[in-house]
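Residue numbers (my numbering), protein chains in the order written: chain Y, 1 to 209; chain F, 210 to 526. All residues carry an ideal CB built from backbone N, CA and C; glycine is no exception. For reference, the structure discussed in these notes is given below.
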Amino acid sequence: MKRTMKYIASLLLVAVVVYNSVYFKKLNEVKAEAAGFNAANYAREFWNKKLPEHTGKAIEIGQLLALFQTDKEKAFADYSHALGIGNVKYFLVKGSGIVQSVDENQVSVRIESEKEKPEVFIATEYVFGNAVRDASGEIDINEFTNSMDFNNVSAEINKIIRQKVIPPFRAQVKKGDRISFSGAIELNKEHLSTRSIEVIPIDLRIIKE
Amino acid sequence: MRFKYPYSIALILVFFGVALIRCKTRQSADEPKKIAIVVSTLNNPWFVFLAERAAAKAKELGYESKVFDSQNNTSLETDHFENAISSGYDAVLFNPTDADGSVVNVKNATAAGVPVFCMDREINSNEAATSQILSDSYSGCVTIAKYFAETLNKKGKYVELLGLVGDNNTWNRSKGFHSVVDQYPGLKMVAQQSADFERNKAMEVLESILQANPDIDAVFCGNDAMAMGAYQALVASGKAEKVKVFGFDGAEDVVKSIQEGKIMATGMQFPEIMAQTAATMADEYFRGERDFPKKMPVAVEIVKKDNVENYAAYGKK
Chain Y
1 MKRTMKYIAS LLLVAVVVYN SVYFKKLNEV KAEAAGFNAA NYAREFWNKK
51 LPEHTGKAIE IGQLLALFQT DKEKAFADYS HALGIGNVKY FLVKGSGIVQ
101 SVDENQVSVR IESEKEKPEV FIATEYVFGN AVRDASGEID INEFTNSMDF
151 NNVSAEINKI IRQKVIPPFR AQVKKGDRIS FSGAIELNKE HLSTRSIEVI
201 PIDLRIIKE
Chain F
210 MRFKYPYSIA LILVFFGVAL IRCKTRQSAD EPKKIAIVVS TLNNPWFVFL
260 AERAAAKAKE LGYESKVFDS QNNTSLETDH FENAISSGYD AVLFNPTDAD
310 GSVVNVKNAT AAGVPVFCMD REINSNEAAT SQILSDSYSG CVTIAKYFAE
360 TLNKKGKYVE LLGLVGDNNT WNRSKGFHSV VDQYPGLKMV AQQSADFERN
410 KAMEVLESIL QANPDIDAVF CGNDAMAMGA YQALVASGKA EKVKVFGFDG
460 AEDVVKSIQE GKIMATGMQF PEIMAQTAAT MADEYFRGER DFPKKMPVAV
510 EIVKKDNVEN YAAYGKK
């Protein structure tokens, strides 16, 4: 009787150990965990589904520059976004104008606007940084457990711009063309300078007349 | 005599009870709360400034504070945390020594009910600290790298001097920099070595690299102390006019060197903003706030010849 009890206790112990040592998971779940965060997929989803809602509501760049002169605080409060603390802020802008020159790293455009008519520079070479990721205010850093994943989202968004937005535009644009654009700009609120605004393009079109 | 033993136990229990209550109420309402400021090293003036600003803000908010120097040693940092917890500090403003090694210290403090607010350097845990206020090093170095590629016209040989290899900032800066320069095949990295964020070591490392690679065009350094060390090595070898040096931090001597045309650019961090935000968050915590962002990035601004007049050491003018 005593021996039987010993066997039962031993078997129970083994059963508990085995039950807690072996786990069964679906293979696709394991693969998904191993793959981790996919910045390229995230960026594509953001580019195709979330960003268009915001670019549709972007402020016209001449109007924004006029607002800086009358009420800078309101301009930043109403139209800029940034993550965390600091002077660097991002705006989503749109506009149209006449191409002044096509250079190695940029295309300069004289804006046609009812308000301010500055010359701005569409970046065609150095498309880096967080302007497009952060200008919409749509993405929150605290959704990301890893800062590098968050940084990689910017890199992937910029890759889309370098591969899909710029090449077809760059291949055709020439001095004197009328173009329309939407994009993101970075401005320093404390040391605001609007002399040479660089636009990271999201959409570029040559207007055929 | 029959009741002697239970009476003794009761007496001991009352004694410990009173002691416990004293512990709990040791800080009466009129005693200010205490904040421990645990900093990775006080050998670097940048961290001295960070600690001083945190202490000044804590004082302004009505709290006592004490600065603990971890001397870049994680076990010394652990001792500081144990002391802070046992001495009844109510919050820790923390600049970690190691992204992984410091996590356990933060967890212990949090488990003891002491909130921890990380400043500048990150720990590899999203849950351990109450909040982390961090320089956006990656993005800052993306901006510097863009300027680097522009000034070198997308071609040339360069050296990268890394900081402490166990620190996340070292890699965030390096990865931000490479996310740009690696797009240009004309920019060739001939050497990448750690100089531990130290000026003298950077000078020695670059002197050695220059012997094998005398024809470099630029040096990218993960902090300003290394940038100054690299510049000294270039002066000694007569190459200071030809080789462009880029740093990161916004230290006083580098801001001055940018004005004088010796250094090309640096990434200005804002230690005062980080320190003040951490102390303010601790104050909010004491007042009952519990909903803090897990990470709060602080933007880094590029300082170069054409905008250096806007900046002074460790922040804006």
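**OP:** Taking only the alpha-carbon atoms, compute the straight-line gap between Y:N87 and F:A508 and give it to the nearest angstrom.
**Re:** Cα to Cα, the separation comes out at about 7 Å.
Subject >> Nearest candidate by alpha-carbon position, reference F:A267, set F:I342, F:K242, F:E286, F:T283 >> reply: Nearest C-alpha to F:A267: F:K242.
**OP:** Go ahead and pull the three-state DSSP assignment for F:C232.
**Re:** In this prediction, F:C232 scores a pLDDT of 47, lower than 50, which makes its location untrustworthy; the coordinate-derived value is nonetheless stated afterwards. Note: F:C232 maps to helix in three-state DSSP.
**OP:** Find the nearest neighbour of Y:V132 within the set Y:F121, Y:I161, Y:R110, judged by alpha-carbon distance.
**Re:** For the options Y:F121, Y:I161, Y:R110, the alpha carbon positioned closest to that of Y:V132 is the one of Y:I161.
Original post:
Does the distance from the C-beta atom of F:D307 to that of F:D376 stay below 9 Å?
Top reply: The answer is yes: Cβ separation under 9 Å.
**OP:** Closer than 7 Å by beta-carbon distance: list the chain Y residues that pair up with F:M505, in chain order.
**Re:** Going along chain Y in sequence order, the residues near F:M505 (Cβ under 7 Å) are G84, I85.
Subject >> Residue from F:A421, F:A321, F:R382, F:K448 with nearest C-alpha to F:K471 >> reply: Of F:A421, F:A321, F:R382, F:K448, the residue nearest in Cα terms is F:K448.
**OP:** Output yes if chain Y places a C-beta closer than 9 Å to the C-beta of F:L259; else output no.
**Re:** Taking 9 Å as the CB threshold, F:L259 stays off the interface with chain Y.
**OP:** Give me the Cβ distance between F:L259 and F:P502, rounded to the nearest whole Å; I'm assuming they're in contact under 8 Å.
**Re:** The pair is not a contact, with the Cβ atoms about 20 Å apart (cut-off 8 Å).
**OP:** Taking F:K366 as the reference, give the member of F:E498, F:A321, F:D424 with the closest Cα.
**Re:** It is F:D424.
Original post:
For the stretch 340-391 of chain F, which segments carrying the alpha helix (DSSP H) assignment without a break, of at least 4 residues, lie completely within its bounds, in sequence order?
Top reply: Taking only runs of at least 4 residues, the alpha helix (DSSP H) segments lying wholly in the stretch 340-391 of chain F are 346-360, 377-390.
Subject >> beta strand (DSSP E) runs contained entirely in the stretch 113-189 of chain Y, provided each spans 3 or more residues >> reply: For the stretch 113-189 of chain Y, whole beta strand (DSSP E) runs of length 3 or above, ordered along the chain, are 119-123, 178-188.
Original post:
When the Cα atoms are used, what is the spatial distance from Y:K164 to Y:A75?
Top reply: So the alpha carbons of these two residues sit roughly 31 Å apart.
Original post:
List, in order along the chain, the chain Y residues whose C-beta lies closer than 7 Å to that of F:V486?
Top reply: The question names Val, but residue 486 of chain F is Thr in the sequence shown. The answer, in chain order, is I85.
Original post:
Excluding five sequence neighbours on each side, which residues of the same chain lie with their C-beta closer than 6 Å to the C-beta of F:P254?
Top reply: Close CB contacts of F:P254 within its chain, under the 6 Å cut and outside five residues either way in sequence, are absent.
Original post:
Going along the stretch 493-519 of chain F in order, which residues come within less than 9 Å of chain Y, judged by CB to CB distance?
Top reply: Listed in sequence order: P502, K503, K504, M505, P506, V507, A508, V509, E510, N516, N519.
**OP:** Output yes or no for whether 9 Å exceeds the beta carbon distance between Y:E198 and Y:F91.
**Re:** With respect to the 9 Å criterion, Y:E198 and Y:F91 are not classified as neighbours on the basis of their beta carbons.
Original post:
Of the residues that make up the stretch 329-341 of chain F, which ones have a beta carbon closer than 8 Å to any beta carbon in chain Y?
Top reply: Going along the stretch 329-341 of chain F in chain order, one finds E331, N335 with a Cβ nearer than 8 Å to chain Y.
**OP:** Step through the CB atoms of chain F and report whether any lies within less than 9 Å of the CB of Y:A77.
**Re:** Not a single C-beta of chain F is nearer than 9 Å to the C-beta of Y:A77.
Original post:
Would F:D329 pass as a contact of F:N292 if the rule is Cβ separation under 9 Å?
Top reply: The Cβ atoms of F:D329 and F:N292 do not sit closer than 9 Å to each other.
Original post:
Can you find a CB in chain F that lies within less than 9 Å of the CB of Y:N105?
Top reply: Between Y:N105 and chain F, the shortest Cβ-Cβ separation is below 9 Å.
**OP:** Hey, could you find the ends of the beta strand (DSSP E) F:D278 is sitting in?
**Re:** Per DSSP, F:D278 belongs to the beta strand (DSSP E) from 273-278.
Original post:
Who are the near neighbours of Y:R44 in its chain, counting only those whose CB is closer than 8 Å to its CB and skipping five residues on each side?
Top reply: By the criterion of a C-beta distance shorter than 8 Å, Y:R44 is surrounded in its chain by E156, I160, once the five residues flanking it on both sides are discounted.
**OP:** Figure out for me which residue from F:N409, F:V444, F:A400 has the closest Cα to the Cα of F:F429.
**Re:** F:A400 is the residue among F:N409, F:V444, F:A400 whose C-alpha sits nearest the C-alpha of F:F429.
Original post:
For the 8 Å Cβ check, are there 3 or more pairs between the stretch 432-447 of chain F and the stretch 400-415 of chain F?
Top reply: Three or more beta-carbon pairs separated by less than 8 Å link the stretch 432-447 of chain F to the stretch 400-415 of chain F, which places the two stretches in contact.
Subject >> Strand pairing of Y:V110, partner residues [DSSP] >> reply: In the sequence on display, residue 110 of chain Y carries Arg and not Val. Here Y:R110 is bridged, per DSSP, to Y:I98, Y:E119.
**OP:** Compare the C-beta of F:R311 with all C-beta atoms of chain Y and state if any pair is closer than 9 Å.
**Re:** Looking at the sequence shown, residue 311 of chain F is not Arg but Ser. Cβ-Cβ to chain Y under 9 Å: no for F:S311.
Original post:
Considering F:T475, what are the terminal residues of the beta strand (DSSP E) in which it resides?
Top reply: Unbroken beta strand (DSSP E) run through F:T475: 474-477.
Original post:
Counting along the chain, where does the alpha helix (DSSP H) carrying Y:R3 start and finish?
Top reply: Element bounds for Y:R3: 2-21.
Original post:
With burial defined as no fewer than 16 other Cβ atoms inside 10 Å of the residue's Cβ, what is the status of F:R231: buried or exposed?
Top reply: Reliability fails at F:R231, whose pLDDT of 47 lies under 50, so the model's placement of it is uncertain and the value that follows must be treated cautiously. With a 10 Å radius around the Cβ and a threshold of 16 neighbouring Cβ atoms, F:R231 comes out exposed.
Subject >> Contact with chain F by Y:E190, beta-carbon distance below 9 Å >> reply: At least one chain F Cβ lies under 9 Å of Y:E190.
Subject >> Interface residues of chain Y facing F:T352 [CB-CB closer than 7 Å] >> reply: Identification of chain Y residues near F:T352 by a Cβ-Cβ cut-off of 7 Å yields G129, ordered along the chain.
**OP:** Reducing DSSP to helix, strand and coil, say where F:D458 ends up.
**Re:** Three-state DSSP puts F:D458 in a strand.
Original post:
Does DSSP classify F:P506 as helix, strand or coil?
Top reply: The answer is strand: DSSP assigns F:P506 an E or B state.
Subject >> Within chain C, the residues that F:K355 reaches when beta carbons sit closer than 8 Å >> reply: This model lacks chain C altogether; the protein chains it does include are Y and F.
Subject >> DSSP bridge partner residues for F:G524 (one or two, in chain order) >> reply: Note: F:G524 sits in a beta bridge opposite F:A521.
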